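Read through the structure below, which is laid out as structure tokens, and then see the notes.
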Amino acid sequence: MEDLSGKVAFVTGGASGIGLALAEGFAGEGAKVVLADIEAGALKKAEDDLLASGADVIGVQCDVADHGSMAAAADRAIEAFGKVHVLCNNAGVAPAGPIDETSPDDWKWCVGVNLMGVVHGIQVLVPRIKEHGEGGHVVNTASVAGLLALPTLGIYTATKYAVVGISETLRGELAPAGIGVSVICPSFVKTRLHEGHRNRPPELGSSPEEPNEFMAQMLATATEPRVIAERVIRGVKRGDFYILPHPDMKVGVEARANEILAAFDLE
Ligand SMILES: NC(=O)c1ccc[n+]([C@@H]2O[C@H](COP(=O)([O-])OP(=O)(O)OC[C@H]3O[C@@H](n4cnc5c(N)ncnc54)[C@H](O)[C@@H]3O)[C@@H](O)[C@H]2O)c1
55 MEDLSGKVAF
65 VTGGASGIGL
75 ALAEGFAGEG
85 AKVVLADIEA
95 GALKKAEDDL
105 LASGADVIGV
115 QCDVADHGSM
125 AAAADRAIEA
135 FGKVHVLCNN
145 AGVAPAGPID
155 ETSPDDWKWC
165 VGVNLMGVVH
175 GIQVLVPRIK
185 EHGEGGHVVN
195 TASVAGLLAL
205 PTLGIYTATK
215 YAVVGISETL
225 RGELAPAGIG
235 VSVICPSFVK
245 TRLHEGHRNR
255 PPELGSSPEE
265 PNEFMAQMLA
275 TATEPRVIAE
285 RVIRGVKRGD
295 FYILPHPDMK
305 VGVEARANEI
315 LAAFDLE
């Protein structure tokens, strides 16, 4: 999708961090933007700031974990702009803790947002992208935790491996329709991910570590979201599938791949 000008981008988790940077990046390319997020106050501020910068944008409050809520957000986007071309399934949360200490509600929350949120985005918007026939692009935000297992982030890792797998399947499924797919696998980015519990539904209890101090320290000095968004936009225009903005992670991915390959030779 080389020219984003006049296209419509729908960004989940668009009120903060990587999602907000993506929204700003697409707006900078002349795209219209739909910010879809659960956090009302942050969503309103992001919408106002983007409008003030001259962007054509709407904010839609929605819960990606809820299929009906995502379907309503998609309707609202089509109502406002007529079409959607770029779908960024980006909303995510990262409860931490050793797997044996996690609760069923930790899984329900994180799988609901990180995995089912991506599934719902695809279900409600890909048919509408196919319908207009102008082509499009789906960007799924996974993580380097979708390529490498990270200690104390077992639920997160499970969902991000799943997002990489879904993206690999989707790429083949959407190619005939002229719809591209990218999967983003960043390492640490300076966002509010360590405070994800701010949006945890009360009926799903509390996270094992709130806030996650280790992650807070890692994120404080990490890559700016703008840098990730610039890389993503280059990737969307160029049709990159894997978007891997942190080359220092290569050695870990290589070690994992080598271990798997070597295991094929064991009897
Ligand atoms: N920050 C990092 O180091 C990092 C690294 C790799 C991948 N990621 C991924 O990037 C994505 C964006 O996270 P971020 O780091 O910008 O964090 P963030 O907390 O700054 O932004 C996440 C956004 O998702 C929204 N959100 C949460 N639950 C939602 C729900 N149920 N429905 C709709 N919106 C919801 C939040 O309100 C927030 O605006 C996530 O998928 C995360 O896993 C982040």
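All residue numbers for the sequence shown refer to the working numbering, where the first residue is 55 and numbers rise by one.
Every residue, glycine too, gets a C-beta built ideally from N, C-alpha and C.
Since the structure is predicted, the reported quantities are computational estimates derived from the model, not experimental observations.
Taking its Cβ as the centre, do 16 or more other Cβ atoms sit within 10 Å of residue i, making it buried, or is it exposed?
i	result
Lys214	buried
Asn337	With the chain running from 55 to 321 in the structure shown, residue 337 is simply not present.
Asp154	exposed
Ala60	For the sequence presented, residue 60 should be read as Gly rather than Ala. Exposed: under 16 other Cβ atoms inside 10 Å.
Gly166	buried
Glu101	buried
Phe135	buried
Asp196	A quick correction: the sequence has Ala, not Asp, at residue 196. Under this definition Ala196 is a buried residue.
Asp117	buried
Glu78	buried
Leu273	buried
Asp129	exposed
Leu104	buried
Val150	This sequence places Ala at residue 150; Val is not what is there. Looking at its Cβ environment, which holds 16 or more other Cβ atoms inside 10 Å, Ala150 is buried.
Gly207	Sequence inspection shows Leu at residue 207; the Gly mentioned does not correspond to that position. The residue in question, Leu207, is buried, as its Cβ has 16 or more Cβ neighbours within 10 Å.
Gly190	buried
Gly108	exposed
Ala316	exposed
Val305	exposed
Leu395	No information on residue 395 is available, as it lies outside the stretch 55 to 321 that the chain covers here.
Arg254	buried
Ile314	exposed
His64	Looking at the sequence provided, one finds Phe at residue 64 rather than His. It is buried - the Cβ of Phe64 has at least 16 other Cβ atoms within 10 Å.
Gly226	exposed
Gly122	exposed
Ala309	exposed
Ala131	buried
Gly187	exposed
Gly175	buried
Which residue wins for smallest C-alpha separation from residue i, given the options the options?
i	options	result
Leu97	Phe318, Ile112, Ala317	Ile112
Glu278	Phe295, His300, Gly259	His300
Glu284	Leu273, Ser123, Tyr210, Gly82	Gly82
Tyr296	Val180, Ala317, Ile220	Ile220
Ala145	Asp103, Ile72, Ala216	Ile72
Leu58	Gly171, Gly306, Lys291	Lys291
Ala127	Ala276, Ile238, Gly68, Arg252	Gly68
Gly95	Gly79, Ser70, Ala106	Ser70
Leu298	Ala229, Val198, Ala270, Arg280	Val198
Arg246	Ile233, Pro152, Met269, Ser157	Met269
Phe80	Ala125, Val138, Glu93	Val138
Arg280	Glu56, Leu74, Met55, Lys184	Leu74
Gly234	His248, Ile183, Ser157	Ile183
Gly289	Pro255, Val237, Thr223, Asn253	Val237
Thr156	Glu257, Val173, Gly293, Ile209	Ile209
Asp120	Glu56, Pro230, Ile92	Ile92
Asn266	Leu76, Val286, Pro152	Pro152
Pro256	Lys99, Lys162, Gln115, Val114	Lys162
Gln177	Ala125, Lys99, Met55	Ala125
Gly232	Ala106, Val114, Phe318, Gly293	Gly293
Would you list the one or two residues that DSSP bridges to residue i?
i	result
Val88	Phe64, Ile112
Tyr296	Val237
Asn194	Asn143, Val237
Gly151	Leu207
Val243	Thr277
Hey, residue i and residue j are a contact pair by Cβ (cut 8 Å); roughly how many whole angstroms apart?
i	j	result
Cys143	Thr66	A quick correction: the sequence has Asn, not Cys, at residue 143. The pair is a contact, with the Cβ atoms about 6 Å apart (cut-off 8 Å).
Ala85	Val62	7 Å
Cys164	Leu201	Going by Cβ atoms, the distance from Cys164 to Leu201 rounds to 18 Å, so no, they are not a contact pair.
Met170	Ser241	Between Ser241 and Met170 the Cβ distance is about 24 Å, and since that is not below 8 Å, they are no contact.
Leu179	Leu228	Their Cβ separation, rounded to whole angstroms, is 12 Å, which puts Leu179 and Leu228 out of contact at 8 Å.
Ala276	Val243	5 Å
Asn168	Val147	7 Å
Ser24	His251	Limits of the chain in this structure are 55 at one end and 321 at the other, which puts residue 24 out of reach.
Asp159	Leu224	The pair is not a contact, with the Cβ atoms about 29 Å apart (cut-off 8 Å).
Val286	Leu76	6 Å
Asn194	Val172	6 Å
With hydrogens ignored, establish whether the beta-carbon of residue i is closer than 6 Å to any heavy atom of ligand 3.
i	result
Leu247	Questions concerning ligand 3 fall outside what the structure shown contains, since the ligands it does hold are ligand 1.
Whole beta strand (DSSP E) elements within the region 163-220, 3-residue minimum: 190-195
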